Structures are given as C-alpha cells and as structure tokens.
Amino acid sequence: MAKRTIIVFSGDYDRAMAAFVIANGAAAMDDEVTMFFTFWGLSLLRQPTARRRGSAPDLVQRAFAALLPQGLSRLPLSRFNFGGVGPRLMRGVIRRHGVMGLEQLLASAREQGVRLVACTTSMEILGLGEADLVDDIEYAGVASYLADASDAGMNLFI
Amino acid sequence: MAKRTIIVFSGDYDRAMAAFVIANGAAAMDDEVTMFFTFWGLSLLRQPTARRRGSAPDLVQRAFAALLPQGLSRLPLSRFNFGGVGPRLMRGVIRRHGVMGLEQLLASAREQGVRLVACTTSMEILGLGEADLVDDIEYAGVASYLADASDAGMNLFI
Amino acid sequence: MAKRTIIVFSGDYDRAMAAFVIANGAAAMDDEVTMFFTFWGLSLLRQPTARRRGSAPDLVQRAFAALLPQGLSRLPLSRFNFGGVGPRLMRGVIRRHGVMGLEQLLASAREQGVRLVACTTSMEILGLGEADLVDDIEYAGVASYLADASDAGMNLFI
Chain E
0 MAKRTIIVFS GDYDRAMAAF VIANGAAAMD DEVTMFFTFW GLSLLRQPTA
50 RRRGSAPDLV QRAFAALLPQ GLSRLPLSRF NFGGVGPRLM RGVIRRHGVM
100 GLEQLLASAR EQGVRLVACT TSMEILGLGE ADLVDDIEYA GVASYLADAS
150 DAGMNLFI
Chain Z
0 MAKRTIIVFS GDYDRAMAAF VIANGAAAMD DEVTMFFTFW GLSLLRQPTA
50 RRRGSAPDLV QRAFAALLPQ GLSRLPLSRF NFGGVGPRLM RGVIRRHGVM
100 GLEQLLASAR EQGVRLVACT TSMEILGLGE ADLVDDIEYA GVASYLADAS
150 DAGMNLFI
Chain B
0 MAKRTIIVFS GDYDRAMAAF VIANGAAAMD DEVTMFFTFW GLSLLRQPTA
50 RRRGSAPDLV QRAFAALLPQ GLSRLPLSRF NFGGVGPRLM RGVIRRHGVM
100 GLEQLLASAR EQGVRLVACT TSMEILGLGE ADLVDDIEYA GVASYLADAS
150 DAGMNLFI
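Just so you know, the sequences run in chain order E, Z and B.
Following numbering that gives the first Met the number 0 from start to finish, the first sequence increments by one per residue and tops out at 157.
Following numbering that gives the first Met the number 0 from start to finish, the second sequence increments by one per residue and tops out at 157.
Following numbering that gives the first Met the number 0 from start to finish, the third sequence increments by one per residue and tops out at 157.
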C-alpha cells in the first residue's frame, strides 16, 4: 500500500478541487493518503456556522478570522474570481456536467479513509481553535507531516 | 531511468517557465518526464487560433473559455503582470539574455520525448475539446497521473 | 539520512514561512535539506541594503529589480496583503504568539546546515548578481537541483 501526502496550503476553490480529486483518486487505488491543511488551507476545514465571538483574544487574529472564508462553500477562485461570481459559476458548471463538487469530494475522502490533518502552528497564527474547525479531523504539527512524507512516494504542496 | 512527473495547474507565464525548464533539464538527463496539464494549466496547450464558436454548449463554459488565454504567447505573470505589459517585458529580457523562451522550451520538451498530458476532467469543466488544444498530446484522467506518480522519484505540483 | 528538496518559487511571506518551517523541521530530524530559490523566491535572499545602481545594464531588469522586494522584511502576503499592512499585522501575531519569524527561521536553517541555493538562470532573468544576494549561499542551475531531487524522498514546489 503506497503512501501519499498533500499539503493544502491554498484556500482557493480551484486548488482545493485539485487536491481532493487527487486524494480521492489515490484512496480509490487503496493508497494511504494524508492531507495536511495549513495556512489558508485551514479555511476548507472551518465550520460554516457563525464563529463564536471572542474565541481569539488577539484583535488581529479576529480580523484574519473574519476575512478567512468559513468552509468549502465560500472559497474564492485563484483566477476569475470576480468578487465571488466566478466560483458560483464554476460550481454550476461542475454540477451540470456531473463532476463531483467539493463537498462530495470531502465526504468521499472521509469515507475512503483519507486522513485530514489540521496544522496546529497555522491554527495558532490564524487564531483558530478546534471548535472553529469541522469534527473528526486530526491535529498535528510539521514533525508529524515530515514523518508521513518520509516514507510516502508522492508529496505535493498545493 | 528515473521517472518524474509535474502537474501544471497554473496558467502563469513564470510558473510555466519553471515547469518547462525542470522538464527539459530532466529529459536531458534521460529521465522519463510526464507533464500533466490541469485547470488553468490547460491554457498552455490551447490552440492560438480563434476558437470555434459554440463548441461548448454551456454558456458559462464559453465565458471561461473566452477568459482563458489561448496558448503560450498570451499567458500572464503571477506578479507584476500590469495588464500584460509585465510578461511582454520579461519575454524581451529572456530573449536578450539568451535564455530559452516558452515556445522553444515546449518544442524542446517534445523533441526530448517529454509526455504532455491534458487532464480530461479539467477539459470537461472548462468546456475544452480536443480540437481546442494543440496536436500530438495525450488525454488522461487522475488515475493515469497517479499511476505515473507512484513509481516516480519526483512529483511536483506547479 | 533522508534527503529533501524544496523549490522556493514564490516570493510571498506566507509561502516563505511554510517553506522555512518545513525545512527547519526536516533539518531537526537530521535530514539533508536543500532549498532552491528561483524566480520571485530570490527576493527572500536579497540584500536588504540599497541596491548598487546600474549593476544590471538592462533597463527592464532594473525595473523588475526595483519592484522585487529586498529581503525577508518586505515580502507581501499572497492574500490579504492590503498594500503591506497584512504582512505587518501577521508578523505581529507571530511575534506575540511565540512562533519563530522568518528571519529567525532563516538563521536557524543556516545553523542546522540547510543548503540555500540561488537559481542562476533566474538571477540572469531578473538581473540579480551575487552582490545583490546575501552571503554564504550556493549558486547552481536546474541540473544541480535535479541531481539533488533524484535521490530525495520529498520534493516540494512552493
């Protein structure tokens, strides 16, 4: 069973699609896949519900948290975003053409046993606590990622 | 003979340069190189000639196709693009300093046997058909990429 | 002793943080780490002091050099840059929360023996000479990178 790791650094809709399509494809081949969400990539794992007020005592962190999209349905496109119209149009195309959307890809990744790991250092920087992120994910730092990557045959940074 | 794979996700001139310089360098070392063009990266493989009208029945796809640059000579820079002036200036520098340009790098990659693969799922999303892309390339999905990456020693996502 | 390579293509503060956190983590595990700075990533290695006038005879190169940030303290964020306010705020958060900043991470990488390599082709394109970059780094082209990546277990493009 081959191992593969993907660092999801980007919080863009299009790059998230690429990351999840690759992760699901590898899991379907019975590979052991770890997705390590860091920096803006953490926005993919955010609870879509309103954030608890005051969970980060640091004002700047609260500002970053307010700017960072909450969950998969609000991610921008890296190109042609047009204030959020771009991703909405692309979601429509994806649905009409029978391609799996981001929410389905995440659910499928979970079902297939893809490990979803939130980077604790990035959480610290962006002022996000475990209550801000979706349930049933793991928490780890760079040492854990590096251990996984050491014996993986494919390591991508997206 | 070592294997290497490069996912070309970005449609930026500068990232395309990096991808092709690496691919050509590896091919020159007799490595087996596969470049997998996905999402905006497909714009590198587009026919520079005018697109057939109405080839995509979906209006949104036609809009994305209209926005997406057609071929290597129209790619933007990821920084300092300045409405297209940036890439033009950089092309001039590259020419004056005897560095191989993007068109030459693509031709050289072909000559050296670098495999150029267009991602069929991305083509579906962006409404691009085989007639919209340059000749003599391969078409494949994520499973094909993952098979290549499994036994490759270097897998980059650009 | 495992080998790891990281291409630092991006000149963004946040991506630079990711690259250096990974490099330091791997070096702490006694891995042999090579960071290969190319394109905008060269701005991380620039001397923060004023640039010698006229070191690049090419006007366009001088323009790019003037636009490219000089050193770690002036890098933009890939998101929420807000004309330079974003990175300043993020630096404050990082300092207040006891996370190592970019300057410390670079110093630590050096101490731990991480190899810092400037891509000579990118230097040629951007009109940067050795005098424009910090001391005690290596200079090499893509062939050197590919040789390192051949027997490395992890190769990232950031």
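Think of the CB as a built atom: it goes at the ideal place given N, C-alpha and C, for glycine as much as any other residue.
Values in this document were obtained by computation on a predicted structure and should not be read as measured data.
- Query: Is it buried or exposed for B:Y144, if we count other Cβ within 10 angstroms and need 16 for buried?
  - Reply: B:Y144 counts as buried, since at least 16 other C-beta atoms from the protein chains shown sit within 10 angstroms of its C-beta.
- Any C-beta of chain B sitting closer than 8 Å to the C-beta of Z:V92? Chain B, which has a Cβ nearer than 8 Å to the Cβ of Z:V92, makes this yes.
- Task: Determine the chain Z residues that contact B:V163 at a beta-carbon separation under 8 Å, and present them in chain order.
- Result: Only positions 0 to 157 of chain B appear in this structure, which leaves residue 163 of chain B out of reach.
- Can you tell me which of the three DSSP states B:V59 falls into? When secondary structure is reduced to three states using DSSP, B:V59 falls in the helix class.
- Alpha-carbon spacing of E:G40 relative to E:A117, whole angstroms: CA-CA distance, E:G40 to E:A117, rounds to 9 Å.
- Task: Can you check DSSP and say which residues form a bridge with Z:Y138?
- Result: Z:A117.
- Task: Kindly indicate the opening and closing residues of the beta strand (DSSP E) around E:M34.
- Result: Segment E31 to F36, the beta strand (DSSP E) holding E:M34.
- Message: Taking DSSP's pairing of strands, which residues face Z:F156 in a bridge?
- Response: BP columns for Z:F156 point to Z:I6.
- Query: If you count every other CB in all the chains shown that lies within 10 Å of the CB of B:M89, and 16 or more means buried, which is it?
  - Reply: Counting Cβ neighbours within 10 Å, B:M89 comes out buried, since at least 16 surround it.
- Query: If the cut is a Cβ gap below 7 Å, which residues of chain B does E:I21 touch?
  - Reply: Result: empty, since nearest Cβ-Cβ is about 15 Å, beyond 7 Å.
- Message: Using a 10 Å radius around the Cβ and a threshold of 16 neighbouring Cβ atoms, would you call Z:D131 buried or exposed?
- Response: Buried: at least 16 other Cβ atoms inside 10 Å.
- Query: Comparing alpha-carbon positions, which option in Z:P75, Z:G112 and Z:F35 lies nearest Z:G24?
  - Reply: Across the set Z:P75, Z:G112 and Z:F35, the C-alpha of Z:G112 shows the shortest separation from the C-alpha of Z:G24.
- Query: For B:F19, which of helix, strand or coil comes out of DSSP?
  - Reply: In the structure shown, B:F19 sits in a helix (DSSP, three-state: H, G or I).
- Partners in chain B for Z:F8, counting only beta-carbon separations shorter than 9 Å: Those do not exist, as Z:F8 stays about 10 Å from chain B at its closest Cβ, beyond 9 Å.
- Item | Limits of the alpha helix (DSSP H) - the one that Z:G86 falls within | The sequence given here has Pro at residue 86 of chain Z, not Gly. Membership of Z:P86 in the alpha helix (DSSP H) is indicated by the continuous run V84 to R95.
- C-beta neighbour in chain Z for B:V141, strict 8 Å: When Cβ-Cβ separations below 8 Å define contact, B:V141 makes contact with chain Z.
- Message: Nearest by alpha-carbon distance to E:T33: which of E:A62, E:V141, E:I5 and E:P75 is it?
- Response: Each of E:A62, E:V141, E:I5 and E:P75 was checked against the Cα of E:T33, and the nearest Cα belongs to E:I5.
- Rounded to whole angstroms, what's the CA-CA distance from Z:P68 to Z:P86? Just pull it up for me. Straight across, the Cα-Cα distance linking Z:P68 with Z:P86 is about 13 Å.
- So, does the CB of Z:R45 fall closer than 8 Å to a CB anywhere in chain B? Residue-level contact check: Z:R45 does not touch chain B, since none of the beta carbons of chain B fall below 8 Å from its beta carbon.
- How is the alpha helix (DSSP H) around Z:R109 delimited, first residue to last? Here the alpha helix (DSSP H) through Z:R109 covers L101 to E110.
- E:M99 versus Z:A18 - alpha carbon distance: The alpha-carbon atoms of E:M99 and Z:A18 are separated by roughly 28 Å.
- Message: Does any residue of chain E have a CB that is nearer than 8 Å to the CB of Z:N80?
- Response: Output row for Z:N80: interface = no.
- Residue of E:L58, E:L74, E:N154 and E:G140 minimising C-alpha distance to E:E102: With distances taken between CA atoms, E:E102 lies nearest to E:L74 out of E:L58, E:L74, E:N154 and E:G140.
- Best match in Z:Y12, Z:R61, Z:V20 and Z:D30 for proximity to Z:E123 [C-alpha to C-alpha]: Nearest of Z:Y12, Z:R61, Z:V20 and Z:D30 to Z:E123, Cα basis: Z:R61.
- Message: Please report the straight-line C-alpha distance between E:T120 and E:G140, rounded to a whole angstrom.
- Response: Take the alpha-carbon of E:T120 and the one of E:G140: they are about 6 Å apart.
- Task: Please decide whether Z:L74 counts as near chain E, where near means a Cβ-Cβ distance under 8 Å.
- Result: Z:L74 is outside the set of residues whose beta carbon lies under 8 Å from a beta carbon in chain E.
- Message: Can you look up B:L145 in the DSSP assignment and give me helix, strand or coil?
- Response: The answer is helix: DSSP assigns B:L145 an H, G or I state.
- Message: Quick check on Z:L71: does DSSP put it in helix, strand or coil?
- Response: Here Z:L71 sits in helix by DSSP.
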